[in-house]
Ligand code: ZN
């Protein structure tokens, strides 16, 4: 990348009214109003009509679920009934449909201003052994950063779990694939495009043995751990009756209570649990939209942050959201947290969760902020739609008026969205192909 001055933005989430200078894919300089770059630049981009945010970071998703949105057998159900309705449907997923689902979810995320995502893929019916490889290929095609989390399920109905036999795998096979994925794809250090985390699905779909062995593997390979925890009261009761302990005690017993772990949801924690999470540096991905759709509960973000827990934001899977739009998730986060607490939860709080908070959950200090030395991952929003007319504070307007489509997105200094459209993707053809593939799941 040549050097570029993003000049005089309408507003920017940094102390840089004069804009930022980018060199070699990173942010090299922040400029005050009226200040010019200290060295000559190759190009200038006038950002006078743009509100500039750090590229958003999505820390929980299930891309494959875009194939089963508003599914007639699952709508209007709580988590366990919703899952029981969908497991047999999801068992029909193929490599081709996963590829389209991944491409569609990543494209949607990118168009909403996301530069980095993670995906929790735990569904490996027969024939889908290459799920992780497919996801990595699709992220590389779009030029997005992706943390693939190698999910797993190995506790089926016959052993007291929730999923049917058709969607679970053998423990040895899972662990072997985890090692293969880490070896092939896990990049380390600043600027990583692909990272790998290990992610047994949830207490009610995996064995304690698998949880414990994944924690050991993560330690050995220095990668992160991710799972669903404390999402519903049903899960809490399940843990107490199946394992004789709370979800957090379960986490500790399996070796997961540490700073390489981030949890999806993290709703039903006691005051004592929250202090323990903070002491051990476990991150929590808040999924406001999904939590409201499934009536799962309200994440205690304020207490978690006060205890030192990194809080990030995720859209969650597209059968419980049912979209992949993180800016929409930012707005939902503001609203549900205002209801949980009060008006002291601000638009800057929720934007912080979707950027630097999420980056911390993924264990990254090189993204999520507009600052010198960080990756040049930026999302540009214009305020030209009717919904913004009359808006005063430009950054607050994104959240309060409901921005959900970025005008431009840059990742590592490369433009990936221009004039609201992702580069290299025919969105109409993608819509048609994905829609056709999804008909097999009805
Ligand atoms: Zn989830």
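Numbering (this note's numbering), first residue to last: 25 to 466.
The beta-carbon is built from N, C-alpha and C at its ideal position, and this holds for glycine as well.
Item to complete: Compare the beta carbon distance of residue 443 and residue 404 with 7 Å and say whether it is the shorter of the two.
Response: Taking a C-beta distance under 7 Å as the contact criterion, residue 443 and residue 404 do not qualify as a contact pair.
Item to complete: Could you give the DSSP three-state label for residue 148: helix, strand or coil?
Response: Here residue 148 sits in coil by DSSP.
Discussion item. Are there any heavy atoms of the ligand ZN lying less than 6 Å away from the beta-carbon of residue 341, as far as the coordinates show?
Written reply: Remark: the C-beta of residue 341 is in contact range of the ligand ZN, defined as less than 6 Å to any heavy atom.
Practice prompt. Look at the Cβ atom of residue 158, then the Cβ atom of residue 176, and state whether they are nearer than 7 Å.
Written response: Their beta carbons are not under 7 Å apart, which means residue 158 does not touch residue 176 by this criterion.
Discussion item. Measuring only from the beta carbon, is residue 288 closer than 6 Å to any heavy atom that is part of the ligand PLP?
Written reply: By its list of ligands, the structure shown excludes the ligand PLP, since it contains just the ligand ZN.
Worksheet item: What residue from 49, 61, 27 has the CA that sits closest to residue 40's CA?
Response: The shortest CA-to-CA distance from residue 40 to any of 49, 61, 27 is the one to 61.
Worksheet item: Hey, would you say residue 49 sits closer than 7 Å to residue 436, going by beta carbons?
Response: Cβ distance < 7 Å, so residue 49 and residue 436 count as in contact.
Item to complete: Answer yes or no: do residue 386 and residue 171 have a C-beta to C-beta separation smaller than 7 Å?
Response: Between residue 386 and residue 171, the gap from beta carbon to beta carbon is short of 7 Å.
Discussion item. Here's a check: name, in chain order, each residue in its chain whose Cβ is nearer than 8 Å to the Cβ of residue 193, leaving out the five neighbours to either side.
Written reply: Contacts found: 148, 176, 177, 178.
Fill in: Closest by C-alpha distance to residue 242, when choosing among 292, 85, 205
The option with the nearest alpha carbon to residue 242 is 205.
Worksheet item: residue 452: buried (16+ other C-beta within 10 angstroms of its C-beta) or exposed?
Response: Exposed: under 16 other Cβ atoms inside 10 Å.
Discussion item. At the level of alpha carbons, what is the spacing between residue 358 and residue 458?
Written reply: When rounded, the separation of the alpha-carbon atoms in residue 358 and residue 458 is 31 Å.
Fill in: Where residue 106 sits in the DSSP three-state scheme
In this structure, residue 106 counts as helix in the three-state DSSP scheme.
Discussion item. If I measure Cβ to Cβ from residue 331 and keep anything under 6 Å in the same chain, skipping five residues before and after, which residues do I get?
Written reply: Closer than 6 Å at the Cβ level, and outside the excluded window around residue 331, lie 298, 299, 302.
Discussion item. What does the Cβ neighbour count give for residue 469, buried or exposed, with the cut at 16 atoms within 10 Å?
Written reply: No statement about residue 469 is possible, as the shown extent of the chain runs from 25 to 466 and does not include it.
Fill in: For residue 37 and residue 77, the rounded distance between their alpha carbons
Residue 77 and residue 37: Cα-Cα distance of roughly 5 Å.
Worksheet item: Between 96, 160, 111, which lies nearest to residue 124 when the distance is taken from Cα to Cα?
Response: Cα-wise, what sits closest to residue 124 is 160.
Discussion item. Quick check on residue 50: does DSSP put it in helix, strand or coil?
Written reply: Shown here, residue 50 sits in a strand according to DSSP, grouped into three states.
Discussion item. Quick check: the Cα distance between residue 429 and residue 267, rounded to an integer number of angstroms?
Written reply: Answer to the nearest angstrom: the Cα atoms are 44 Å apart.
Worksheet entry | Residue from 44, 138, 118, 196 with nearest C-alpha to residue 57 | With distances taken between Cα atoms, residue 57 lies closest to 44.
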